[in-house]
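Numbering (the working numbering), first residue to last: -14 to 76. We put the beta carbon where it would ideally sit given N, CA and C, even for glycine. A short worksheet on the structure shown next.
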């Protein structure tokens, strides 16, 4: 709810990364994002987390979590050669 309203907040990194790891390991059918990140390597730019293998998508842990969860993120929030795959249309 905060992001659409332009309200920014810092989230505890350990909680965000735990949620990101869970989403990456869980099927979309069960509310996760495993299929969304197939063939991607996610690299968090604000903490020491790198998940998966393949084309790289870089962003803050919260931006990656939102994208993996199927939530919209700005084009400027995720970079790398795998960014379009992660945040592009149909994702």
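Residue 58, DSSP secondary structure in three states: If you number the chain shown from 1, residue 58 lands on position 73. The three-state secondary structure of residue 58, taken from DSSP, is coil.
Three-state class that DSSP yields for residue 30 in the structure shown: Position 45 of the chain shown holds residue 30. Correct three-state label for residue 30: coil.
Proximity test, residue -3 beta-carbon vs the ligand NAD heavy atom, cut-off 7 Å: For the structure depicted, the ligand NAD is absent and the ligand set is empty, with no information on it obtainable.
Unbroken beta strand (DSSP E) run spanning residue 36, endpoints: Here the question's residue 36 lines up with position 51 in the chain shown. Per DSSP, residue 36 belongs to the beta strand (DSSP E) from 35 to 37.
Member of 64, 43, -3 whose CA lies at the smallest distance from the CA of residue 29: Counted from its first residue, the chain shown places residue 29 at position 44. The shortest Cα separation from residue 29 among 64, 43, -3 belongs to 43.
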